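Structure record follows, encoded as structure tokens.
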Amino acid sequence: QLACPGTPYISILTDLADYPPHFWMEKQDQYFVCGTSKAVEQARIMGHPESRIFRVSGMILRPQFYDSRTGDRSLERKRLGLDPELPTGVVLFGGEGSNTMYSIAKTLGNSDSKLQLIMICGKNARLKKRLQGLKTRNKILIEGFTRDVPFFMRLGDFFIGKPGPGSISEALQTGLPVIVESNLWTLPQERYNAEWIQKNGLGIVLHDFGKVDNAVEQLLTEPGFSQMRQRIRSIENRAVFEIPPILERILGVSLDRPGKEFQATRVSDNGVPILGEAADIDSSKNFSDRL
10 QLACPGTPYI SILTDLADYP PHFWMEKQDQ YFVCGTSKAV EQARIMGHPE
60 SRIFRVSGMI LRPQFYDSRT GDRSLERKRL GLDPELPTGV VLFGGEGSNT
110 MYSIAKTLGN SDSKLQLIMI CGKNARLKKR LQGLKTRNKI LIEGFTRDVP
160 FFMRLGDFFI GKPGPGSISE ALQTGLPVIV ESNLWTLPQE RYNAEWIQKN
210 GLGIVLHDFG KVDNAVEQLL TEPGFSQMRQ RIRSIENRAV FEIPPILERI
260 LGVSLDRPGK EFQATRVSDN GVPILGEAAD IDSSKNFSDR L
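Our numbering puts the first residue of the sequence shown at 10, with every later residue one more than the last.
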């Protein structure tokens with residue numbers, strides 16, 4: 010802004026909430042695009058005017074997570090050597106994987122529960138090799154780095170991983186309840202994510218993964234599992250489609266929208282978005298608005 014006075018400074022929060030001080034939000038001339046009501050309230054408390062706060066319906070996800078072409082899940086599972094009927098967990102700890110995945114594989118791979126796992130190791134070749142050498146009672150499909158995470162997520166029934174905003178948002182977008190841990194080792198900016206999961210009934214938060222077998226058993230117990238999945242299905246995260254029109258409005262330009270007047274998403278007093286072309290969901294009826 011010193012080099013180009015008048016240029017808007019826009020922060021699109023890629024965390025569910027700010028982690029003050031000096032993380033996402035500062036007391037300066039700044040616009041905010043927030044994916045939760047918590048982040049909106051943080052911006053308000055800091056004294057930013059409503060005209061600088063934009064509420065969208067979640068975190069930014071790759072458009073592939075919105076592809077409705079799911080195919081035949083049973084056939085795809087069979088093709089990969091999985092049982093088409095067994096509960097299937099997707100285990101993912103980011104692009105570099107984590108040694109925690111090995112202990113999870115040992116525990117759940119030899120659990121008395123009838124289940125199977127898809128473990129995505131990312132670029133961690135050593136972890137992948139260790140997992141491939143692990144003998145377990147339950148089937149484990151082991152993948153390395155892949156750009157087909159949406160595909161594997163759609164084959165799953167639940168997700169296990171760290172409480173990163175991207176991973177949990179991807180899991181929820183594909184309808185998967187989540188199991189995460191939160192403790193002193195959890196990144197400070199990700200601890201609120203675990204609170205958010207618990208508060209909204211979207212999964213189970215553990216202190217550590219030592220009891221992950223008990224957590225999976227609890228998660229899959231009915232009617233709780235179906236109720237949790239119903240809550241997840243009611244979430245409509247359209248942030249990746251809502252944000253470009255907001256940027257158009259702030260920058261005063263129109264990107265391939267000739268002749269269209271744009272009214273950006275604006276936050277009302279109760280924290281519910283007032284929607285224009287920035288989003289195409291009915292916020293008054295959507296669970297996302299309370300998140």
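Here a beta-carbon is modelled for each residue, glycine too, at the ideal position from N, C-alpha and C.
Since the model is a prediction, treat every value here as computed from it, not as a measurement.
Who pairs with leucine 215 in a beta bridge, going by DSSP?
Glu190
For glycine 184, I'd like the list of residues in its chain whose CB is within less than 7 Å of its CB, leaving aside the five on either flank, ordered along the chain.
Arg238, Ile241 and Arg242
Using the DSSP secondary-structure output, state which residues sit across from isoleucine 64 in a beta bridge.
Note that residue 64 corresponds to arginine in the displayed sequence, not to isoleucine. Answer by DSSP bridge pairing, in chain order: Cys43.
Which of the three DSSP states, helix, strand or coil, is assigned to serine 235?
helix
Where do the ends of the alpha helix (DSSP H) carrying isoleucine 255 lie?
248–260
Which residue marks the beginning of the alpha helix (DSSP H) containing isoleucine 69, and which one marks its end?
Where isoleucine 69 is concerned, there is no enclosing alpha helix (DSSP H), given that its DSSP letter is neither H nor E.
In whole angstroms, give me the CA-to-CA distance for glutamine 236 and tryptophan 194.
31 Å
I'd like to know whether the C-beta atoms of isoleucine 188 and leucine 164 end up nearer to each other than 8 Å.
no
Please classify glutamine 37: does DSSP put it in a helix, a strand, or coil?
coil
Inter-stretch contact at 8 Å, needing at least 3 Cβ pairs: the region 103–119 / the region 129–141
yes
Considering only residues of the same chain and omitting the five flanking positions on each side of alanine 224, which have a CB-CB separation below 6 Å?
Ile188, Ile213 and Leu215
Pick from Leu196, Gly80, Ala248 and Pro96: whose alpha carbon is nearest that of threonine 230?
Pro96
Nearest candidate by alpha-carbon position, reference glutamine 51, set Phe161, Leu70 and Pro30
Pro30
Hey, is phenylalanine 250 close to the ligand HEM, as in C-beta under 7 Å from one of its heavy atoms?
Within the structure as shown, the ligand HEM is missing, as the structure has no ligands at all.
Kindly indicate which three-state DSSP category serine 83 falls into: helix, strand or coil?
helix
I need the boundaries of the alpha helix (DSSP H) containing leucine 117, first residue and last residue.
109–118
Run through DSSP, which three-state label would isoleucine 129 get?
strand
Could you tell me the boundaries of the alpha helix (DSSP H) in which glycine 175 lies?
174–182
Is it buried or exposed for alanine 12, if we count other Cβ within 10 angstroms and need 16 for buried?
exposed
Between phenylalanine 74 and glutamate 204, how many whole angstroms is the CB-CB distance? I'm expecting something under 8 Å.
That belief does not hold up - the Cβ atoms of phenylalanine 74 and glutamate 204 are roughly 24 Å apart, past 8 Å.
Taking glycine 301 as the reference, which of Thr116, His57, Thr16 and Gly44 has the closest Cα?
Outside the shown range of the chain (10 to 300) lies residue 301, about which nothing can therefore be said.
Looking at glutamine 39 and serine 60, is the spacing between their C-beta atoms short of 8 Å?
no
To which residues does DSSP link leucine 150 through a beta bridge?
Ile127
State the CB to CB distance for the pair glutamine 255 and phenylalanine 63, rounded to an integer number of angstroms; the pair is presumed to be in contact (CB under 8 Å).
Residue identity differs from the one stated: residue 255 is isoleucine in this sequence, not glutamine. Going by Cβ atoms, the distance from isoleucine 255 to phenylalanine 63 rounds to 5 Å, so yes, they are a contact pair.
Taking CB distances under 8 Å as the criterion, tell me whether glycine 173 reaches chain B.
No chain B appears in this structure, which consists of one protein chain only.
Is phenylalanine 32 helix, strand or coil when you go by DSSP?
coil
Should leucine 70 be labelled buried (16 or more other beta-carbon atoms within 10 Å of its own) or exposed?
buried
Based on Cα-Cα distance, which residue from Ser77, Asp121 and Gln125 lies nearest to lysine 87?
Gln125
Along the chain, where does the alpha helix (DSSP H) containing phenylalanine 160 start, and where does it finish?
158–164
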